Amino acid sequence: MAGKTLKGRTALVTGATQGIGEAIAQALAAAGADVVVHGIEPQAGGEAAAAALAGVHGVRAAYVRADLADPAQAAAVVARAAQALAAPDILVNNAGIQHTCPIESFPPERWDAIIAINLSAAFHTMRAAVPAMRERGWGRIVNIASVHGLVASVNKTAYLAAKHGLVGMSKGVALETATDGITVNCICPGWTETPILGPQIAARAAQFGGDREAAIRDLLKEKQPNLKLLPPSRIGEVAAFLCSDAAEGITGVSLPVDGGWTAQ
Ligand code: NAD
Numbered sequence: 186m187a188g189k190t191l192k193g194r195t196a197l198v199t200g201a202t203q204g205i206g207e208a209i210a211q212a213l214a215a216a217g218a219d220v221v222v223h224g225i226e227p228q229a230g231g232e233a234a235a236a237a238l239a240g241v242h243g244v245r246a247a248y249v250r251a252d253l254a255d256p257a258q259a260a261a262v263v264a265r266a267a268q269a270l271a272a273p274d275i276l277v278n279n280a281g282i283q284h285t286c287p288i289e290s291f292p293p294e295r296w297d298a299i300i301a302i303n304l305s306a307a308f309h310t311m312r313a314a315v316p317a318m319r320e321r322g323w324g325r326i327v328n329i330a331s332v333h334g335l336v337a338s339v340n341k342t343a344y345l346a347a348k349h350g351l352v353g354m355s356k357g358v359a360l361e362t363a364t365d366g367i368t369v370n371c372i373c374p375g376w377t378e379t380p381i382l383g384p385q386i387a388a389r390a391a392q393f394g395g396d397r398e399a400a401i402r403d404l405l406k407e408k409q410p411n412l413k414l415l416p417p418s419r420i421g422e423v424a425a426f427l428c429s430d431a432a433e434g435i436t437g438v439s440l441p442v443d444g445g446w447t448a449q
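Counting in the numbering used here, the final residue of the sequence shown is number 449, and the numbers go up one at a time with none missing.
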């Protein structure tokens, strides 16, 4: 996006040390926002990532480490971001994990972790962030759901439950905050080139004699009509748009960025 349209705003982005979260942090900082980078990496590495972001974009940045599988840590992350920089005007719930397995052998502890990180953490952070946004009369919440918040694929029960839940929860919070200058939306990415795809690409590659490129082509052919893994920056740019004043009329929406996946 052109211009420093988010100058003076503070963003908290969860899971922002790699992948889509990092791209969102970059896009928001490029638009002028100060950014609290959240992650699970050790403090020194996270602080280095935040310092690099600040250096490149001329914004303020800080690092907050928290395990979002733990409800107490998830509930505290907004207050810690406020201590580090300022109460977030922008909250991006991006952190997420995946596990693929048929229902009858799906490990219950993987179910619990996926629901905790991909769904409950967003409840805790929104619950903590909304009051200051309301007071200020301005807020932007962007939840990174998935095409799997809208449609299903096999072997993803926990991820589907979490992402469909995130889509529903976001609509509810959008309605509760609609007169407060706050918008709440989901982005629903299709296949995007990040580390989360590693195990799924490896499993598919095993069917192609270990050929990674053939595996990616096959995954895309099955679901994603543009036949291209999305660069994470494309999700970052859409997130920055949803945080702009131009998007003030967009709330309660779950926007597919999926190369046509959910058009089928
Ligand atoms: P990724 O694995 O690169 O990033 C996931 C992030 O979540 C990492 O920063 C990681 O540190 C963080 N995280 C994991 N466990 C955590 C925990 N216990 N506490 C706190 N943070 C934790 O993958 P990504 O593709 O960048 O994923 C980002 C989001 O995008 C996820 O919610 C994912 O479900 C969603 N998504 C990804 C794709 C895709 O194709 N890559 C498609 C649709 C949706």
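Ideal placement from N, C-alpha and C gives every residue a C-beta, glycine not left out.
None of the values given here were measured: they were computed from a predicted structure.
{"Asked": "Just verifying my parser: in three-state terms, what is the DSSP assignment at C428?", "Found": "helix"}
{"Asked": "By the 10 Å Cβ neighbour count, where 16 or more other Cβ atoms means buried, how is N411 classified, buried or exposed?", "Found": "exposed"}
{"Asked": "Apply the 10 Å Cβ neighbour rule to G421 and answer buried if 16 or more other Cβ atoms are within range, or exposed otherwise.", "Found": "buried"}
{"Asked": "Which residues does DSSP pair with Y248 in a beta bridge?", "Found": "V222"}
{"Asked": "Along the beta strand (DSSP E) that carries S439, what are the first and last residues, could you check?", "Found": "439-442"}
{"Asked": "Is any heavy atom of the ligand NAD found at a distance shorter than 7 Å from the C-beta of S305?", "Found": "no"}
{"Asked": "Residues in its own chain within less than 6 Å of V352 by CB, not counting five upstream and five downstream?", "Found": "A330, G334, C371, S439"}
{"Asked": "Beta carbon of S331: closer than 7 Å to some heavy atom of the ligand NAD?", "Found": "yes"}
{"Asked": "Have a look at A298, I288, M311 and flag the residue whose alpha-carbon is nearest the alpha-carbon of V339.", "Found": "I288"}
{"Asked": "Could you tell me which whole beta strand (DSSP E) segments of length 3 or greater appear in the stretch 273-355?", "Found": "275-278, 324-329"}
{"Asked": "Just verifying my parser: in three-state terms, what is the DSSP assignment at T379?", "Found": "coil"}
{"Asked": "Can you tell me whether T237 is buried or exposed? The criterion is at least 16 other CB atoms within 10 Å of its CB, across all chains shown.", "Found": "Here the sequence assigns Ala to residue 237, which means Thr is not the residue at that position. It is exposed - the Cβ of A237 has fewer than 16 other Cβ atoms within 10 Å."}
{"Asked": "Run the proximity test for W376: is its beta-carbon closer than 7 Å to any non-hydrogen atom belonging to the ligand NAD?", "Found": "yes"}
{"Asked": "For G281, count the other beta carbons within 10 Å of its own beta carbon; 16 or more makes it buried, fewer makes it exposed. Which is it?", "Found": "buried"}
{"Asked": "Could you check whether the stretch 425-440 touches the stretch 375-390, counting it as contact only if at least three pairs of C-beta atoms, one from each stretch, sit closer than 8 Å?", "Found": "no"}
{"Asked": "What I want to know is whether the C-beta of A254 ends up closer than 7 Å to one or more non-hydrogen atoms of the ligand NAD.", "Found": "yes"}
{"Asked": "Tell me the residue span of the beta strand (DSSP E) that contains I435.", "Found": "Unbroken run through I435: none, as it is neither H nor E."}
{"Asked": "Contact between the stretch 313-332 and the stretch 360-370: three or more CB pairs below 8 Å?", "Found": "yes"}
{"Asked": "By DSSP, does T199 sit in helix, in strand, or in coil?", "Found": "coil"}
{"Asked": "Give me the residue from I275, A347, V327, P273 with the minimum Cα distance to A298.", "Found": "A347"}
{"Asked": "Residues bridged to P374 by DSSP?", "Found": "V442"}
{"Asked": "Regarding T379 and the ligand NAD, is the C-beta to nearest heavy atom distance less than 7 Å?", "Found": "yes"}
{"Asked": "Could you check if A215 belongs to the surroundings of the ligand NAD, using beta carbon to heavy atom distance under 7 Å?", "Found": "no"}
{"Asked": "Residues in the same chain with beta-carbon distance under 8 Å from V244, minus the five sequence neighbours each way, listed in chain order, please.", "Found": "A214, G217, A218, D219, V220, L238"}
{"Asked": "Count the other C-beta atoms from every protein chain shown that fall within 10 angstroms of the C-beta of D206, then say buried if there are 16 or more, exposed otherwise.", "Found": "The residue you asked about is not Asp; residue 206 is Gly in the sequence shown. Under this definition G206 is a buried residue."}
{"Asked": "Let me check one thing: in DSSP terms, what residues is L213 bridge-paired to?", "Found": "L213 is not bridged to any residue."}
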